[in-house]
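A.B. asks:
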Amino acid sequence: MLILKKWYLSQCQHCQLVSRNVYQQQIVLQFGQFGSRIAQVRLPPKRSALVDENLIKRWTRQTPNITNQTGKFVNNLQSEAIFRQLNPHKDDLVSVLLLTTVVFQTMAADTTNYPPPCESKIYCHGPLLHTVQMAGLHKDSKTFVDMKLKYSPAQVLTNFDLFMTNHKHNPTKADIAAFVDDNFDAAGSEFEPWDPSDWHANPAFLKNITDLELRAWADELHSFWKVLGRKIKEDVKMRPDLYSMIYTPHPVIVPGGRFREFFYWDSFWIMRGLLLSEMHSTVKGMLSNFLEMVNQLGYVPNGGRIYFRRSQPPLLIPMFKLYSDATNDTAFVEESIHLLDKEFQFWMENRTVNIDLNGKQYQVVRYNVELDGPRPESYREDYELAEGLGTEEEKTELYFNLKSGAESGWDFSSRWYITPKGVRKGDLIHTKTRHVIPVELNSFIYLNAKIMAEYYEQLGNKEKTAYYQNVANQYKTTIEEVFWDEELGCWFDYDMINKGPNKQFFASNVFPLWVGAYSSKKMVTQVVNYLKNKGARRCPTSSFQSGEQWDYPNGWAPLQHVIVDALDKTGDEEAKSLAFELADKWIRTNYKAFLQSSPNHMFEKYDVTVEGIPGGGGEYDVVVGFGWTNGVVMDFLYRFGDRIRAPLAVPSAAAISYPSVAPATIAIGGLTIAIASLFGISQACRLATSGNKGATNTNQAADCRRSLAVAYQSVEDSDNEETIALMQDIQSSVDLPVQRYNDSDDKSNPCICNASDISNECCNNKISSNEIQESAVS
Ligand SMILES: OC[C@H]1O[C@H](O[C@H]2O[C@H](CO)[C@@H](O)[C@H](O)[C@H]2O)[C@H](O)[C@@H](O)[C@@H]1O
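Numbering-wise (my numbering), the sequence shown opens with residue 78 and increments by one.
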């Protein structure tokens, strides 16, 4: 096969072999410049098939819609005729051409109709991006697309062409790394230092927090805004072509870590915190940035980069409401209302679809991004995933769904999985976001319409008030008639493929409660019962552990906040008590993780099954900082400040890294050490086993599980009820090993083995001696 590949390549200078695409015994060549958005030809692995460069040149010349650069291959019948005419006697070639025709035919639909993620041939599509991202230079694919150009785009593209020619279109990883070094500056070079002028010590909200330890923590979080603040350099404004960063004039608060720029829906919870910190002008600046983007682009992008050509959950109008309620700045509302209106129309015009249900038609909103190609910031991940699909149409559809998933903010989740057979399980490749009508998005639209009606009424615009009231009423009815399930007592996403609700648990199911889109108090009781029955007392994101980050066992600050806020403001005593319970648990887990990390960190997400453990899964390592997490903790501490208490005796083990101590020594020395070890070990285990690609390592995973089992045992031996409960939680979420004994009556000397552990002599002997008694560590 290898010789054949080489032979095919030698026939065609302008072809690139995509080695990963050796698919169904066919060799895939890409036409056009190296790696450009080009058509593919599947060649049967037969040397006799003639593919010579002249032929391809003639063919591309004579078929008017084919171009080398963009790969817009259309007009397939014509192509086939040309090929037959050129090579009437070559049967093999004809079969190649027929195949070619089929492939081109399927490609025609997507390459012709759908634009790439953005126009930039460096940051969004094209051979340079493909070559660099597929080389896997960086652990995180986002790093490359955040780098600044050293020269103009045209110059860098010319340099790239030359580079490829010099390396015979086959550069090594080291060559590519050198090219990147020569042409790009490190990621993150677009900021200048910024000290927020509206930051001041001792904001009033701190006084609400009676527990002094927690108050000190809140104070620290208040100071974190200075660390997470970013001001974009003027150079980005002067030379936007050198950056992927979108210039915004006002400084912003970013989530942190790899998220170096603003993120749309994150900003809602960041602003909740900023308003408690009395940083009104920072909030106003961030709102002004968003308005300017609506003005220029028509929508608020997912994040502050040109490659984020899609939006995120529409919360600009609710952010305005937070700000205007806190400041009474009605003049700002008045001068901005036309842009808020414009943003609302973006969703109405671009994201609505009609569904028929029980003989009635409903307009609903969905996340839907019809841009082709991999997400630039996760190029390799998306490209490789799409390689598992047969046709170009399927790939394009997957790319749409992945970007739609990113637009939802739930990137990624089993919530969007629907297999070709219509089963709502599966894997990332089954992501069908744009075929799901999300409960929370429709709730946001209702909330937006309500706020807009209120604003227009204040401004005396009767026509607009009536319009928005009407939209709000319409969505309230829809939420009840399309999403509510009386029997289960909750709302559910609507699956357009199966034409019915997805009745699995997702934290988003209860969002209508938050926006007040319900008609009776009875529904509040039903939702409270639903949450309790679903074991949502710690509120995971879903009940399914897919390995993706928006699934079990992760909990996310925005989801926790919406649910707590929703329950708390119903006025129902049971709901309020559940709200406090959830907030209390969330605070405990955030605080413990904070104390146990070194230096102290706030995390992007947490594992809700074990207190003090960050979340994992998905396509990048868990991020610290962290914008929305800080905002939500501040809000909970403020809201429940009279009764929330710091958990007692949290071990300050700086163990959020892979344990280097031998397992036997970890668990001795008393209960405290055992618990402390446990936190660190289980975190390491989770990182090593949860599908978090950055940390996946089989040996680490095995060692971790062993360490955890030993620590578990010593804690269990202590007979302490609370720690045993904790252990059981851990056990349910981590794949624990079994203990093996030589003699079932003598359990004094177990060795702890993974089923696959054959390198350990003890385990191996016992396994082969067939005298093993297995028992789960619990
Ligand atoms: O780079 C991968 C994806 O990262 C972002 O998503 C996650 O982080 C965001 C910032 O905190 C958050 O808004 C989102 O809900 C998270 O899933 C980004 O938003 C995605 O577009 C991007 O593909």
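C-beta: ideal position from N, C-alpha, C; glycine also.
Count the C-beta pairs between the region 286-300 and the region 338-345 that are closer than 8 Å, then say yes if the count reaches three, no if not.
C.D. replies: no
A.B. asks: Determine the burial state of Lys900: buried for a count of at least 16 other Cβ atoms within 10 Å of its Cβ, exposed for fewer.
C.D. replies: The requested residue 900 does not occur in the structure, where the chain is confined to residues 78 to 855.
A.B. asks: Taking Met322 and Gly381 to be in contact with their CB atoms under 8 Å, please state how far apart those CB atoms are, rounded to whole angstroms.
C.D. replies: 6 Å
A.B. asks: Out of Leu659, Val700 and Val685, state which residue places its alpha-carbon closest to the alpha-carbon of Ser674.
C.D. replies: Val700
A.B. asks: Considering Cα atoms alone, identify which of Glu658, Pro724, Thr242 and Tyr200 is closest to Arg716.
C.D. replies: Glu658
A.B. asks: Between which two residues does the beta strand (DSSP E) harbouring Val371 extend?
C.D. replies: Not the beta strand (DSSP E): Val371 falls in the alpha helix (DSSP H), residues His357 to Leu374.
A.B. asks: Just checking Glu452 against ligand 1 - is the residue's beta carbon closer than 6 Å to any of the ligand's heavy atoms?
C.D. replies: The displayed chain sequence assigns Arg, not Glu, to residue 452. Arg452 Cβ: within cutoff of ligand 1.
A.B. asks: Any heavy atom of ligand 1 closer than 6 Å to the CB of Ser675?
C.D. replies: Checking the Cβ of Ser675 against ligand 1 gives no.
A.B. asks: Would the region 471-486 and the region 443-451 be scored as touching if the rule is three or more Cβ pairs under 8 Å?
C.D. replies: yes
A.B. asks: What are the complete alpha helix (DSSP H) segments, minimum 4 residues, inside the region 631-686?
C.D. replies: 634-645 and 650-673
A.B. asks: Quick one: using the 10 Å Cβ neighbour count with 16 as the cut-off for buried, is Met420 buried or exposed?
C.D. replies: For the record, residue 420 in the displayed sequence is Glu; it is not Met. So Glu420 ends up on the buried side.
A.B. asks: Is there at least one non-hydrogen atom of ligand 1 closer than 6 Å to the beta-carbon of Asp459?
C.D. replies: no
A.B. asks: Tell me which same chain residues have a C-beta within less than 7 Å of the C-beta of Asn427, skipping the five on either side of it?
C.D. replies: none
A.B. asks: Which residue or residues does DSSP assign as beta-bridge partners of Cys567?
C.D. replies: Asp562
A.B. asks: Return the chain-ordered list of same chain residues with a C-beta closer than 8 Å to the C-beta of Ser619, the five sequence neighbours on each side being excluded.
C.D. replies: Same-chain partners within the cutoff: Ser490, Ser491, Arg492, Gln581, Phe582, Phe583, Ala584, Trp627, Asp628 and Tyr629.
A.B. asks: Roughly how many angstroms separate the alpha carbons of Phe240 and Val709, rounded to a whole number?
C.D. replies: 49 Å
A.B. asks: Is there at least one non-hydrogen atom of ligand 1 closer than 6 Å to the beta-carbon of Gly486?
C.D. replies: yes
A.B. asks: Taking only heavy atoms of ligand 1 into account, decide whether any of them is closer than 6 Å to the Cβ of Ala483.
C.D. replies: Checking the Cβ of Ala483 against ligand 1 gives yes.
A.B. asks: Got a sec, what are the start and stop residues for the beta strand (DSSP E) Thr555 sits in?
C.D. replies: Looking at the DSSP string, Thr555 is not in any beta strand (DSSP E); the run it does join, the alpha helix (DSSP H), is Lys539 to Thr555.
A.B. asks: How long is the line joining the alpha carbons of Pro248 and Pro194, rounded to whole angstroms?
C.D. replies: 26 Å
A.B. asks: Considering only residues of the region 249-335, which uninterrupted beta strand (DSSP E) runs meet the minimum length of 3 residues and lie entirely inside it, listed in chain order?
C.D. replies: 306-309
A.B. asks: How would you label Asp712, buried or exposed, when you count the other beta carbons within 10 angstroms and need 16 or more for buried?
C.D. replies: buried
A.B. asks: Since Ser619 sits in a beta bridge, which residues does DSSP pair it with?
C.D. replies: Phe583
A.B. asks: Out of Ala670, Glu696, Asn677 and Tyr697, point me to the one whose CA is closest to Asp684's CA.
C.D. replies: The shortest Cα separation from Asp684 among Ala670, Glu696, Asn677 and Tyr697 belongs to Ala670.
A.B. asks: Tell me the DSSP bridge mates of Thr429?
C.D. replies: DSSP lists Val442 as partners of Thr429.
A.B. asks: Output needed for Ser596: all residues of its chain with C-beta closer than 7 Å, excluding positions within five of it in sequence on either side, in chain order.
C.D. replies: Glu557
A.B. asks: Beta-carbon separation of Pro390 and Gly265 under 7 Å?
C.D. replies: no
A.B. asks: List in chain order: all unbroken alpha helix (DSSP H) runs of 4+ residues lying wholly within the region 192-233.
C.D. replies: 204-212 and 219-222
A.B. asks: In the DSSP assignment, the alpha helix (DSSP H) including Ala483 goes from what residue to what residue?
C.D. replies: Glu469 to Ser485
A.B. asks: What's the C-alpha gap between Asp275 and Glu458?
C.D. replies: Each residue's Cα considered, the two are about 41 Å apart.
A.B. asks: For Pro280, collect the residues of the same chain with a Cβ closer than 7 Å to its Cβ; drop the 5 residues on either side in sequence, then sort them by chain order.
C.D. replies: Cβ neighbours of Pro280 beyond the five flanking positions: His299, Leu353, Ser354 and Glu355.
A.B. asks: Grouping DSSP H, G and I as helix and E and B as strand, with all else coil, what is Arg382?
C.D. replies: strand
A.B. asks: How would you label Glu625, buried or exposed, when you count the other beta carbons within 10 angstroms and need 16 or more for buried?
C.D. replies: buried
A.B. asks: Does the region 571-581 come close enough to the region 512-526 to have 3 or more Cβ pairs within less than 8 Å?
C.D. replies: Yes, they touch.
A.B. asks: For Tyr376, which residues of its own chain have a beta-carbon under 7 Å away from its beta-carbon, when the five flanking residues on both sides are left out?
C.D. replies: Ser388, Glu420 and Phe423
A.B. asks: Evaluate Ser455 with the Cβ neighbour count: other Cβ atoms within 10 Å of its Cβ, from every protein chain shown; 16 or more gives buried, anything less gives exposed.
C.D. replies: buried
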